[in-house]
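Just so you know, the protein sequences line up as chains X and F, in that order. Just so we're on the same page, the numbering used here is the position in the first sequence counted from 1, plus 11. Just so we're on the same page, the numbering used here is the position in the second sequence counted from 1, plus 11. Taking it in order: structure first as structure tokens, then the write-up.
There are 2 protein chains.
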Amino acid sequence: MEDMTISKAIIKRLPRYYRYLGDLMSEGVERISSGELSERMHVTASQIRQDLNHFGGFGQQGYGYNVSYLYHEIAKIMGLDMASHMILIGSGNLGQALAKYTNFRRRGFLFEAVFDRDPQKIGQKIYGDMTVQDISELEEYIRTHQVDIAAIAIPKEQAVPVADRLVKCGVRGIWNFAHTDLAVPDDVVVENVHLSESLMGLSYRLKNSAKNHKNRE
Amino acid sequence: MEDMTISKAIIKRLPRYYRYLGDLMSEGVERISSGELSERMHVTASQIRQDLNHFGGFGQQGYGYNVSYLYHEIAKIMGLDMASHMILIGSGNLGQALAKYTNFRRRGFLFEAVFDRDPQKIGQKIYGDMTVQDISELEEYIRTHQVDIAAIAIPKEQAVPVADRLVKCGVRGIWNFAHTDLAVPDDVVVENVHLSESLMGLSYRLKNSAKNHKNRE
DNA sequence: CTAAATTTTTAACAAATTGACAAGATAAGG
DNA sequence: CCTTATCTTGTCAATTTGTTAAAAATTTAG
Numbered sequence: 012m013e014d015m016t017i018s019k020a021i022i023k024r025l026p027r028y029y030r031y032l033g034d035l036m037s038e039g040v041e042r043i044s045s046g047e048l049s050e051r052m053h054v055t056a057s058q059i060r061q062d063l064n065h066f067g068g069f070g071q072q073g074y075g076y077n078v079s080y081l082y083h084e085i086a087k088i089m090g091l092d093m094a095s096h097m098i099l100i101g102s103g104n105l106g107q108a109l110a111k112y113t114n115f116r117r118r119g120f121l122f123e124a125v126f127d128r129d130p131q132k133i134g135q136k137i138y139g140d141m142t143v144q145d146i147s148e149l150e151e152y153i154r155t156h157q158v159d160i161a162a163i164a165i166p167k168e169q170a171v172p173v174a175d176r177l178v179k180c181g182v183r184g185i186w187n188f189a190h191t192d193l194a195v196p197d198d199v200v201v202e203n204v205h206l207s208e209s210l211m212g213l214s215y216r217l218k219n220s221a222k223n224h225k226n227r228e
Numbered sequence: 012m013e014d015m016t017i018s019k020a021i022i023k024r025l026p027r028y029y030r031y032l033g034d035l036m037s038e039g040v041e042r043i044s045s046g047e048l049s050e051r052m053h054v055t056a057s058q059i060r061q062d063l064n065h066f067g068g069f070g071q072q073g074y075g076y077n078v079s080y081l082y083h084e085i086a087k088i089m090g091l092d093m094a095s096h097m098i099l100i101g102s103g104n105l106g107q108a109l110a111k112y113t114n115f116r117r118r119g120f121l122f123e124a125v126f127d128r129d130p131q132k133i134g135q136k137i138y139g140d141m142t143v144q145d146i147s148e149l150e151e152y153i154r155t156h157q158v159d160i161a162a163i164a165i166p167k168e169q170a171v172p173v174a175d176r177l178v179k180c181g182v183r184g185i186w187n188f189a190h191t192d193l194a195v196p197d198d199v200v201v202e203n204v205h206l207s208e209s210l211m212g213l214s215y216r217l218k219n220s221a222k223n224h225k226n227r228e
């Protein structure tokens with residue numbers, strides 16, 4: 012449809028709009044103006060209008076935005092209207108936390124297989140009827156199932172070769188929790204969640220919040 | 012020292028520099044130029060020099076940067092030279108993953124207590140000699156122990172009142188994993204880790220990477 | 001039909017990134 | 001030990017990107 016490139020900054024804000032619109036729906040709010048929403052979200056109304064306009068005119072002058080309509084449109088933009096088939100690499104604490112987290116499921120992100128290389132973990136039941144498979148079966152699984160996204164929750168040394176294997180099998184989305192940057196071809200999308208770096212960022216801001224009191228978010 | 016405000020963008024890049032410098036140290040590399048580092052990290056050399064200069068002149072013309080020196084300086088900047096005393100709210104899967112993760116410990120981030128409201132979990136041993144305490148003991152604990160950072164890993168409905176209690180007791184750093192924005196005073200620092208939003212961002216990029224092939228990052 | 005509300009669109013402003021280069025340091029050769 | 005070519009930072013200026021404000025256009029409601 013629109014071939015215009017959307018900046019990364021806007022994309023990062025979309026899920027937050029989505030969350031607030033969901034809350035509004037729960038509250039039974041039918042319509043909302045950019046001004047009202049800006050007060051709730053603590054961003055400028057101007058930014059909200061500008062962001063939403065990149066994807067099309069969802070609002071109506073004199074009326075505002077229809078909450079439910081906008082909610083579903085944003086879901087479509089982010090691809091939440093189609094289920095994403097996911098696999099999990101690594102059944103440690105973090106991996107299990109991800110697999111068991113029901114909110115992902117609710118949004119159409121479905122973990123359908125778990126892999127680990129530890130013989131002690133293989134065969135264990137993780138969630139529902141999902142049991143840990145041997146990582147050596149990875150290629151065979153991908154050949155016979157649709158896999159949109161692979162979540163990597165293993166140490167960095169193992170993460171790099173596993174990512175290569177995933178890419179080789181045609182997986183194009185990687186959710187990376189390992190503390191390393193993965194080198195992948197252009198058409199593969201990697202989303203990093205570096206918890207240590209998040210914590211260090213907090214540490215810095217904490218250390219400097221005393222002197223430097225005009226900290227923006 | 013420097014009262015100049017450092018932009019959020021730079022702060023977010025600091026931990027990544029730190030990670031790469033750590034890798035270089037492991038490889039036995041003693042010195043590195045911004046040019047070499049830029050190739051490894053896939054950022055411009057100009058940005059590296061500009062970023063580092065905000066904190067002082069760590070490099071030397073004709074030589075480059077001393078890896079070990081720069082590594083330790085960045086650690087100091089991020090406050091890693093001092094241990095951070097942490098507590099964990101919520102002993103579910105995610106909470107346990109955080110508590111057991113040894114890399115945080117290695118960087119001076121020490122979880123020293125865990126709280127939960129579920130009677131079935133209270134008393135359970137989580138890691139080392141750390142057992143889950145009743146959340147009702149939260150205030151008493153903070154009164155008698157130093158708490159720099161509290162990690163919140165509980166559902167959003169509970170997260171908001173718990174954050175209020177933490178703030179009231181004087182906790183000034185919150186690492187928030189709940190899917191909600193926490194309203195806190197200016198002098199309290201909140202770092203959000205919204206996994207759902209990260210996953211939605213991945214979904215968007217995946218959906219649009221085919222048509223829109225000039226995806227940066 | 002007119003006034004009020006609110007989006008869309010355009011323009012101004014601010015921030016971040018990149019490129020260019022002078023100045024300083026190193027290293028090699030005589 | 002000096003001289004010169006090479007390397008590399010620190011910094012300034014230009015460019016690009018992102019944000020905010022203002023103006024124009026559209027719709028609703030009385």
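Note that beta-carbon positions come from the ideal geometry of N, C-alpha and C, so glycine has one too.
C-alpha of S95(F) to C-alpha of H65(X): approximately 42 Å in a straight line. When only Cα atoms are considered, G106(X) and I22(X) end up about 26 Å apart. Per DSSP, reduced to three states, the secondary structure at A86(F) is helical. In chain F, no part has a C-beta under 7 Å from the C-beta of Q58(X); the shortest such distance is about 16 Å. Identification of residues in the segment 115-147 of chain X having a C-beta nearer than 7 Å to some C-beta of chain F yields F115, R118 and F120, given in sequence order. Contact annotation: A110(X) and M141(X) have beta-carbon atoms nearer than 8 Å. For H83(X), no chain F residue has a Cβ inside 8 Å of its Cβ, as the nearest lies near 14 Å away. Contact of Q107(F) with chain X is assigned, a C-beta pair being separated by under 8 Å. Straight across, the Cα-Cα distance linking S147(X) with R128(X) is about 8 Å.
The beta-carbon separation of S44(X) and G75(X), rounded to 4 Å, stays under the 8 Å limit for a contact. For A161(X), the uninterrupted beta strand (DSSP E) segment begins and ends at I160 to I163. For the options Y31(X), D62(X), R117(X) and M52(X), the alpha carbon positioned closest to that of L91(X) is the one of R117(X). Among the residues of chain X, those whose CB is under 9 Å from the CB of P26(F) are H205, S207, E208, S209, L210, M211, G212 and Y215, following chain order.
Contacts with chain X at 8 Å (Cβ-Cβ) include V200(F). Here DSSP, grouped into helix, strand and coil, assigns Y31(X) to helix.
Nearest CB-CB separation between K23(X) and chain F: below the 8 Å threshold. Close CB contacts of R24(X) within its chain, under the 7 Å cut and outside five residues either way in sequence, are with D62 (chain order). Excluding five sequence positions before and after F120(X), the CB atoms of its chain that fall closer than 7 Å to its own CB belong to S95 and M97, given in chain order.
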